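See below for the structure under consideration.
Residue numbers (our numbering): 1184 to 1417.
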């Protein structure tokens, strides 16, 4: 499933460039010797935040799997991904909610403070904070990470999602200009199709048909939980 994270991140970067674009253009600094290095450090920090979020939701998914709801969780998250995929254009409307809009303002203010310092470490911090910005594409990726029901797989999924966003944003940062609206719309039009594919994959995964790499038998978590209980009793 990790390959879907890279593609989702790449297509999602066309959706999120409107919000992250101005921030990306501000990253780089005046030191030409560190021009590219600062940008890479920024993306490393952003991908690290995504990984930590993936670790968190993956741990939650693992806990639910131990409770014996792994198949239902995978199917339910697959359906939720389908819903997000079909409504991705309206997902950012949640940002108008006061609690979200206030958080976005705080993030942007903090980012401005870091960028003004001009220190190399500030670009890493900028990337980490930028990873916290609310975004419908990030939500979709987090749902997929939750459905994997494994902390490390969840972290890996979100890390690869972050890597998928790097090519477009790095090109934007180097070129110094936003991509045309028509080009962005062409790539964004592929997002619902990929989201539907990912949702279907997770639904089939939850069915536990015993197909290796596609629909494995998820009952292994029940077995693992029983083994843990036996060990504790001994």
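Ideal placement from N, C-alpha and C gives every residue a C-beta, glycine not left out. Note that the structure is predicted; figures quoted are calculated from it, not measured.
Sort the options by Cα distance to residue i and report the nearest one.
i: residue 1355; options: 1345, 1197, 1191 and 1234; result: 1197
i: residue 1371; options: 1191, 1186, 1185 and 1184; result: 1191
i: residue 1222; options: 1377, 1352, 1336 and 1242; result: 1352
i: residue 1336; options: 1307, 1244, 1377 and 1225; result: 1244
i: residue 1228; options: 1305, 1377, 1383 and 1380; result: 1305
i: residue 1321; options: 1252, 1237 and 1265; result: 1237
i: residue 1253; options: 1343, 1379 and 1333; result: 1333
i: residue 1318; options: 1303, 1286 and 1299; result: 1286
i: residue 1220; options: 1257, 1302 and 1380; result: 1302
i: residue 1380; options: 1339, 1292, 1369 and 1263; result: 1263
i: residue 1338; options: 1292, 1288 and 1242; result: 1242
Under a Cβ-count criterion, where at least 16 other Cβ atoms within 10 Å of its own Cβ denotes burial, should residue i be classed as buried or exposed?
i: residue 1437; result: A query on residue 1437 cannot be resolved here, the shown segment of the chain reaching from 1184 to 1417 and no further.
i: residue 1152; result: One cannot answer for residue 1152 here, as it falls past the ends of the chain, which runs 1184 to 1417.
i: residue 1297; result: buried
i: residue 1328; result: buried
i: residue 1215; result: Note that residue 1215 scores a pLDDT of 48, beneath 50, so its modelled location is shaky and nothing firm can be said.
i: residue 1185; result: exposed
i: residue 1309; result: buried
i: residue 1357; result: exposed
i: residue 1438; result: Only positions 1184 to 1417 of the chain appear in the structure, and residue 1438 is not among them; the question remains open.
i: residue 1261; result: buried
i: residue 1378; result: buried
i: residue 1250; result: exposed
i: residue 1257; result: buried
i: residue 1416; result: With a pLDDT of 39 at residue 1416, under the threshold of 50, the modelled position of that residue is not reliable, and no figure is offered here.
i: residue 1413; result: Caution is warranted here: a pLDDT of 32 is assigned to residue 1413, below 50, making its placement in the model unreliable, and no coordinate value can be reported.
Please state whether the Cβ-Cβ distance between residue i and residue j is less than 8 angstroms.
i: residue 1330; j: residue 1385; result: yes
i: residue 1312; j: residue 1325; result: no
i: residue 1349; j: residue 1315; result: no
i: residue 1234; j: residue 1323; result: no
i: residue 1389; j: residue 1230; result: no
i: residue 1248; j: residue 1382; result: no
i: residue 1347; j: residue 1189; result: yes
i: residue 1255; j: residue 1374; result: no
i: residue 1307; j: residue 1224; result: yes
Where are the alpha helix (DSSP H) runs, 4 residues long or more, that stay fully inside the region 1305-1378, in chain order?
1319-1330, 1334-1358 and 1364-1371
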